[in-house]
Structures are given as C-alpha cells and as structure tokens.
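S.K.: Sharing a structure with you now.
In the numbering used here, the protein residues as written are 5 to 171.
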C-alpha cells in the first residue's frame, strides 16, 4: 500500500512539474496585416501544417516542441516538421469542424429544394403549380444559412508573415 501511494505521488508530482515547464510555440507577426500580432500555441492543441509546394494539410495533435521543430501525432504516427520546412501553421478548431458537420444536411436539403422547385413546376400538371416555385427561395435560404460555417476560416499563420519560436 505504501509503495502504491509513493508511486502515485511520484506520478502526480511529475505530471504537475511537466505542466509547469510546458513549452509553448510563439508566433510573432513580422509583416503588416490583419489579425493578432502574437499568438501562443500550447502542447496538446490540434494543428495543421502545410509544406511549400504541397497542397495537402498535415494535421495532428502537438505533442513536442524543440528549438527548430515541432512534432504532431495522429493516431499512432508521430511526424516531426522543421520550422524551416513549413509554409503555414494553422489551428484546427473542434467547434468549427463540428458545426460544419451539422451544416451538411442543411446544404443537401437546400440544394434538393432549389432543384425540386423548378423540376416540379415544369413537370407537374396540377393546378397548384405556382406553389412549386416557393421551394426555390426556401431552398436558397436553407442552403445559404447552412453554408455560413464554411465561410469561417481557421486561424492560419503563414511562415512569410510570422516568425516561429519556442519558449
């Protein structure tokens, strides 16, 4: 029992000490532009990085910072990127990703109604053909409102406008 308590105390003490000495990535603006002049990113945040000449974004959780590199983990795979090799660092916001997922059915419904309105108008022989045209503005309104989360951009910090430093 005593050994278990000592082990637990050691692990908790080490965990608190590691939190107190956690390194942060400081992004300082070097060029004039919009947005914050300085941004601090802590270990544990979800980031994406872009490499020059590559359109793909590499995402993962920031687990380690060194003087000239950062390490991201996604699943079981750890990847280290040198700051000199990066063209962009961005922060992945979980709430924005969730909001975009929720908005997808609204966009699908809006698209369906916008298309179904004129198709129903031209193919129907009913005396209520004018009501079919009401589907067009309803579909546009639903699709337009549902597309708002896709207009919001994730915070990005390009290497040509920001200096990356570890503190």
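Even glycine gets a Cβ: it sits at the ideal position worked out from N, Cα and C.
Since residue 33 and residue 27 are thought to touch, with beta carbons under 8 Å apart, how far apart are those beta carbons, to the nearest angstrom?
M.R.: The Cβ separation is near 20 Å, so there is no contact.
S.K.: Going by C-alpha distance, which of 96, 61, 101 and 104 is nearest residue 49?
M.R.: Taking only the C-alpha atoms, the option nearest residue 49 is 96.
S.K.: Which of the three DSSP states, helix, strand or coil, is assigned to residue 46?
M.R.: Here residue 46 sits in strand by DSSP.
S.K.: Could you tell me the boundaries of the beta strand (DSSP E) in which residue 94 lies?
M.R.: First-last of the beta strand (DSSP E) with residue 94: 92 to 95.
S.K.: Taking contact to mean 3 or more Cβ pairs, one atom from each stretch, closer than 8 Å, check whether the stretch 102 to 119 and the stretch 48 to 63 are in contact.
M.R.: With the cut-off at 8 Å, the stretch 102 to 119 and the stretch 48 to 63 do not touch.
S.K.: So, residue 169 versus residue 30, is the Cβ gap smaller than 9 Å?
M.R.: Going by C-beta atoms, residue 169 is nearer than 9 Å to residue 30.
S.K.: Of all the beta strand (DSSP E) runs that stay within the bounds of the stretch 47 to 94, which reach a length of 3 or more residues?
M.R.: With a minimum length of 3 residues, the continuous beta strand (DSSP E) runs that stay inside the stretch 47 to 94 are 50 to 54, 61 to 69, 73 to 78 and 81 to 86.
S.K.: Check whether the stretch 78 to 96 and the stretch 122 to 142 are in contact - that is, three or more C-beta pairs closer than 8 Å.
M.R.: No: the two stretches stay apart, fewer than three of their Cβ pairs being nearer than 8 Å.
S.K.: Could you give the distance in angstroms between the alpha-carbon of residue 78 and the alpha-carbon of residue 145?
M.R.: Rounded to whole angstroms, residue 78 to residue 145 spans 38 Å at the Cα level.
S.K.: Note the first and the last residue of the continuous alpha helix (DSSP H) segment covering residue 102.
M.R.: Here the alpha helix (DSSP H) through residue 102 covers 98 to 127.
S.K.: Distance check for residue 143 and residue 69, CA to CA, integer angstroms please.
M.R.: Roughly 48 Å separates the two Cα atoms.
S.K.: Report the rounded CA-to-CA distance for residue 71 versus residue 171, giving the unit in angstroms.
M.R.: Computed Cα separation, rounded: 9 Å.
S.K.: Say the cut is 8 Å; is the CB of residue 114 nearer than that to a heavy atom of the ligand FAD?
M.R.: This structure lacks the ligand FAD, and indeed carries no ligand of any kind.
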